[in-house]
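Only one structure is covered here, and it is reproduced in the block below.
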Amino acid sequence: MQSDGTLAIDQTKLGNALNNLPELQNLFSADTGVSSSSGFMTRFNNLANAALGIDGSITTRQQGLQTSISSNEKRQADMQTRLAQIQANLTAQYSQLDTTMASMTALSTYVTQQFFNTSKTG
(Lines of atoms letter the chains of each structure in order from A; the text may use other names.)
(Lines give C-alpha, C1' and ligand atoms only; values in the text may rest on other atoms or scores of the structure.)
Protein backbone atom coordinates (compact mmCIF):
# COMPACT_ATOMS: atom_id res chain seq x y z
CA MET A 106 0.00 0.00 0.00
CA GLN A 107 1.46 3.32 -1.10
CA SER A 108 1.25 6.50 0.95
CA ASP A 109 -1.31 7.90 -1.53
CA GLY A 110 -3.61 4.91 -0.96
CA THR A 111 -2.87 3.10 -4.21
CA LEU A 112 -1.76 -0.49 -4.38
CA ALA A 113 1.68 -1.19 -5.86
CA ILE A 114 2.48 -4.74 -6.90
CA ASP A 115 6.02 -5.90 -7.48
CA GLN A 116 5.54 -8.15 -10.51
CA THR A 117 8.77 -10.06 -9.86
CA LYS A 118 7.81 -10.85 -6.28
CA LEU A 119 4.30 -11.80 -7.35
CA GLY A 120 5.60 -14.09 -10.09
CA ASN A 121 8.02 -15.77 -7.70
CA ALA A 122 5.29 -16.06 -5.07
CA LEU A 123 2.86 -17.68 -7.49
CA ASN A 124 5.50 -20.31 -8.17
CA ASN A 125 6.03 -20.77 -4.44
CA LEU A 126 2.73 -21.10 -2.50
CA PRO A 127 4.21 -20.52 0.99
CA GLU A 128 5.71 -17.30 -0.37
CA LEU A 129 2.29 -16.34 -1.81
CA GLN A 130 0.75 -16.94 1.59
CA ASN A 131 3.35 -14.62 3.13
CA LEU A 132 2.60 -12.00 0.47
CA PHE A 133 -0.95 -11.77 1.74
CA SER A 134 -0.80 -12.70 5.41
CA ALA A 135 2.74 -12.28 6.78
CA ASP A 136 2.83 -10.34 10.03
CA THR A 137 6.40 -9.24 10.59
CA GLY A 138 5.50 -6.36 12.88
CA VAL A 139 7.01 -3.96 10.33
CA SER A 140 4.37 -2.37 8.14
CA SER A 141 6.47 -2.20 4.99
CA SER A 142 7.34 -5.91 5.05
CA SER A 143 4.01 -7.30 6.32
CA GLY A 144 1.63 -9.07 3.97
CA PHE A 145 -0.93 -7.14 1.97
CA MET A 146 -3.97 -8.32 3.95
CA THR A 147 -2.17 -7.71 7.24
CA ARG A 148 -1.43 -4.14 6.18
CA PHE A 149 -4.98 -3.72 4.87
CA ASN A 150 -6.37 -5.06 8.15
CA ASN A 151 -4.16 -2.66 10.14
CA LEU A 152 -5.28 0.23 7.95
CA ALA A 153 -8.95 -0.71 8.33
CA ASN A 154 -8.56 -1.03 12.10
CA ALA A 155 -6.87 2.37 12.23
CA ALA A 156 -9.76 3.93 10.32
CA LEU A 157 -12.64 2.06 11.93
CA GLY A 158 -11.32 1.36 15.45
CA ILE A 159 -12.49 3.11 18.61
CA ASP A 160 -9.99 5.95 18.11
CA GLY A 161 -10.00 5.64 14.31
CA SER A 162 -10.46 8.56 11.98
CA ILE A 163 -13.91 7.46 10.80
CA THR A 164 -15.16 6.81 14.34
CA THR A 165 -13.78 10.14 15.54
CA ARG A 166 -15.40 11.96 12.61
CA GLN A 167 -18.69 10.18 13.24
CA GLN A 168 -18.59 11.20 16.90
CA GLY A 169 -17.83 14.79 15.91
CA LEU A 170 -20.76 14.84 13.52
CA GLN A 171 -23.06 13.35 16.17
CA THR A 172 -21.96 16.06 18.61
CA SER A 173 -22.71 18.72 15.98
CA ILE A 174 -26.15 17.21 15.33
CA SER A 175 -26.95 17.19 19.05
CA SER A 176 -25.78 20.79 19.40
CA ASN A 177 -27.87 21.87 16.41
CA GLU A 178 -30.95 20.07 17.78
CA LYS A 179 -30.55 21.86 21.12
CA ARG A 180 -30.14 25.25 19.42
CA GLN A 181 -33.20 24.52 17.28
CA ALA A 182 -35.28 23.65 20.36
CA ASP A 183 -34.06 26.83 22.12
CA MET A 184 -34.94 28.91 19.06
CA GLN A 185 -38.42 27.38 18.87
CA THR A 186 -38.98 28.21 22.54
CA ARG A 187 -37.87 31.83 21.97
CA LEU A 188 -40.05 32.15 18.87
CA ALA A 189 -43.08 30.80 20.75
CA GLN A 190 -42.48 33.41 23.49
CA ILE A 191 -42.12 36.20 20.91
CA GLN A 192 -45.33 35.05 19.22
CA ALA A 193 -47.18 35.06 22.55
CA ASN A 194 -45.87 38.57 23.33
CA LEU A 195 -46.88 39.91 19.91
CA THR A 196 -50.32 38.30 20.15
CA ALA A 197 -50.84 39.95 23.56
CA GLN A 198 -49.67 43.34 22.23
CA TYR A 199 -51.94 43.18 19.17
CA SER A 200 -54.85 42.09 21.33
CA GLN A 201 -54.25 45.08 23.61
CA LEU A 202 -53.93 47.34 20.56
CA ASP A 203 -57.22 46.00 19.17
CA THR A 204 -58.95 46.66 22.50
CA THR A 205 -57.49 50.19 22.65
CA MET A 206 -58.53 50.91 19.04
CA ALA A 207 -62.08 49.71 19.74
CA SER A 208 -62.20 51.96 22.80
CA MET A 209 -60.88 54.94 20.80
CA THR A 210 -63.43 54.31 18.03
CA ALA A 211 -66.24 54.24 20.60
CA LEU A 212 -64.92 57.45 22.19
CA SER A 213 -64.67 59.12 18.77
CA THR A 214 -68.26 58.13 17.97
CA TYR A 215 -69.45 59.49 21.34
CA VAL A 216 -67.58 62.80 20.90
CA THR A 217 -68.94 63.17 17.37
CA GLN A 218 -72.51 62.56 18.60
CA GLN A 219 -72.06 65.04 21.44
CA PHE A 220 -70.72 67.63 19.04
CA PHE A 221 -73.71 67.22 16.69
CA ASN A 222 -76.14 67.26 19.61
CA THR A 223 -74.57 70.49 20.88
CA SER A 224 -74.72 72.16 17.46
CA LYS A 225 -78.40 71.19 17.00
CA THR A 226 -79.43 72.64 20.35
CA GLY A 227 -77.31 75.68 20.18
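Numbering (the working numbering), first residue to last: 106 to 227. Note that beta-carbon positions come from the ideal geometry of N, C-alpha and C, so glycine has one too.
Buried versus exposed call for residue i [16 or more other C-beta atoms within 10 Å across all chains shown]
i    : result
S143 : buried
7 angstroms CB neighbourhood of residue i in its chain, flanking five on each side removed
i    : result
N131 : G144
A182 : none
Sequence-distant residues of its chain with Cβ nearer than 6 angstroms to residue i (five each side left out)
i    : result
I163 : A156 and L157
T205 : none
Residue i CB to nearest heavy atom of the ligand NAD below 7 angstroms
i    : result
F220 : Judged by which ligands are present, the structure shown has none, so any question about the ligand NAD falls away.
Span of the alpha helix (DSSP H) around residue i
i    : result
N194 : S162 to T226
T111 : Taken as a continuous stretch (DSSP letters only), T111 belongs to no alpha helix (DSSP H), as it is neither H nor E.
A135 : Segment: none, A135 is in no alpha helix (DSSP H) and carries neither H nor E.
N151 : F145 to L157
Residue from the options whose Cα sits closest to the Cα of residue i
i    : options             : result
T147 : S213, N154 and S134 : S134
T117 : R166, Q185 and N125 : N125
L152 : T172, S173 and L112 : L112
Same chain, Cβ closer than 8 angstroms to residue i, neighbours up to 5 away in sequence not counted
i    : result
D109 : none
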